[in-house]
Amino acid sequence: MADQTISKTDFRTYLDCPLHFWALSHGRTPLQPPSAMDEFRMQQGQEVEALALEYLKQLMHSQYSSARLEWQRTILQDLFLVRADGLIYDEKENVYDLYEVKSGTSIDKEDLFDVAFQMKVCAGSLPLRSAYLVHLNKEYRRHGELDLAELFLCEDVTQPVAELEAATEQHMLAARQALLQETPENIEHCRKPDDCPFPDLCHPDLPEHSIYEISRLHRDKAILLEGMGVRAVQDIPADFKLSDKQLDFVQVVKSGQPRIERAAIAEKLAELRYPLHFLDYETCNPAIPLFEGYKPNQHLVFQYSLHILPAPDAEPEHHQFLHTECSDPAPALLEKLSHCLQPQGSIIVWNKGFECSRNREIAEVHPAYAAFLENVNSRIFDLMDIFSQNLYIHPAFHGSASIKKVLPVLVPELSYDSMEIAKGDEASTAWWQMVNGKVSEEEKNVIIAHLLKYCQLDTKAMLEIYRSLDF
């Protein structure tokens, strides 16, 4: 029996993947329960909503001469259900303004569709005037107590939402039709099998190397291949138009043999200077800035692991740091890191955009370390480039340059599979629970051990992958 309403959350699910929407509406159980990161984001959203309520009260008193705020009012129109974050009734003009709250720092098209859906539903029973999106201000820095007037931005989205009215109506009609279908025939599936909550519906009998492994494969291309009955990389016609990098991967899969650009890899690795430092950060990005100088959704670097290889034949040294209290981790982390890193030598990371961005952000909060962090960034070498730039392609990477995919192929004796904490988001949420008193002292000690083990494996993995490239 289908759930006979479509909420704004359901509508967003439909826009993301109609078949996921159908499955949830018909009582299907996702393959995996909500993750710790899902729960963390939900909790963060609730914190933002609580502050946004106070912000809207202030806004109402300053912007309206006579008005009332209706918070999370529920409105049902046909099968469509809305619980509006904020509706402010302008008593003087006899109209409502709708306010939607988001915990992000920017507005995307999905947010506008969300508001358009609400406006369409509410318009059936309320006189509406304008629509606003309330979101966190990416330029706000916390200094002392939170300043709600600066923490939030309120953007008038009435016009861009109106421009989506026709498309929203079409999507709502299609969602309604999908809801009422007894079977999922001809409902569009997702194209992310690794993250799919309903793989039996979206990707039954998926081949070992599916077309969805092709990096940056545009949706239109995927649909074209699906229409040709092609699901396996091996079945892609030789004349099918793909980018050069995509074709390189397809050819490797078809041949079943890796392609290794040994000279190019050697040239790249020749840039490295000893001692080699293999560095990895773990972070958590709470929506509301907790500490002095931080911005909304800014990453807190709470942990690092560092393997140092002094010379080619030397034994590596290991250093690590983990902040275990609910305070700004940066001062203690920077003090230790600045003593552990040698004044010269390359600093090797996996995805330098992440570590470099964190270093720049920390430098803004703690300018005393700005010169040190600028020097760190100038010495960073991204080991992932060898794989993301297709210098080393292996069928068993499954089209990914993730260290989780590369490691078991090049260093099979190392694996994340048995780790209690095996992903960055798991580390982030475990740390957050630990420092916010959500666990017992015994559980805290267990989490500390798991965090140290996980982050150490990240840098150990980089070290051993580097060694495996010494052809």
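My numbering numbers the first residue of the sequence shown as 4 and each following residue consecutively. Glycine included, C-beta positions come from ideal geometry on N, C-alpha and C. No experiment lies behind these values; they were computed from the predicted model shown.
| Item | Value |
| --- | --- |
| Which residue or residues does DSSP assign as beta-bridge partners of C287? | L303 |
| Pull the bridge partners of V104 from the DSSP assignment, please. | V137 |
| Can you round the beta-carbon distance between V379 and D283 to whole angstroms, since I take them to be within the 8 Å contact cut? | Not quite, the Cβ-Cβ distance comes to about 13 Å (not below 8 Å), so this is no contact. |
| Helix, strand or coil for T450 per DSSP? | Contrary to the premise, residue 450 reads as Ile rather than Thr in this sequence. If DSSP states are grouped into helix, strand and coil, I450 belongs with the helices. |
| For E377 and P370, I'd like the C-alpha separation in whole angstroms. | 11 Å |
| If I measure Cβ to Cβ from K447 and keep anything under 6 Å in the same chain, skipping five residues before and after, which residues do I get? | M437 |
| Nearest to R363 by alpha carbon, out of L386, A333, Q347 and S391? | A333 |
| Name the DSSP bridge partner or partners of R71? | Y92 |
| Output the distance between the C-alpha atoms of W74 and W25, rounded to the nearest integer angstrom. | 29 Å |
| Identify the continuous alpha helix (DSSP H) that holds C157 and give its terminal residues. | Unbroken run through C157 is the beta strand (DSSP E), F155 to D159; no alpha helix (DSSP H). |
| Taking DSSP as the reference, what is the three-state secondary structure of F294? | coil |
| Rounding to the nearest angstrom, what Cα-Cα distance links H174 and K123 in this structure? | 12 Å |
| Assuming V412 is part of the alpha helix (DSSP H), what are its boundary residues? | I406 to L413 |
| Name the DSSP bridge partner or partners of R76? | A87 |
| Let me know the beta strand (DSSP E) ranges lying completely inside the segment 359-439, each 3 residues or longer, listed in chain order. | 383-385 |
| Could you spell out the range, first to last residue, of the alpha helix (DSSP H) harbouring Q180? | E168 to L183 |
| Is there at least one Cβ from chain D nearer than 8 Å to E191's Cβ? | Among the protein chains of the structure shown there is no chain D, as only one such chain exists. |
| Roughly how many angstroms separate the alpha carbons of L176 and E52, rounded to a whole number? | 30 Å |
| With H, G and I counted as helix, E and B as strand and the rest as coil, what does DSSP make of R222? | helix |
| Going along the chain, which residues of its own chain have a beta-carbon closer than 8 Å to the beta-carbon of I365, five neighbours each way excluded? | V304, A333, L337, Y372 and L376 |
| Classify K456: buried if its beta carbon has 16 or more other beta carbons within 10 angstroms, exposed otherwise. | exposed |
| According to DSSP, is E320 part of a helix, a strand, or is it coil? | strand |
| If we count the other Cβ atoms within 10 Å of its Cβ and call it buried at 16 or more, is V474 buried or exposed? | For the sequence presented, residue 474 should be read as Phe rather than Val. Looking at its Cβ environment, which holds fewer than 16 other Cβ atoms inside 10 Å, F474 is exposed. |
| Assuming the contact rule is C-beta atoms closer than 8 Å, D117 and R15 should be a hit. Round their C-beta distance to whole Å, please. | 6 Å |
| Let me know if C329 comes out buried or exposed under the rule of 16 or more other beta-carbons within 10 Å of its beta-carbon. | exposed |
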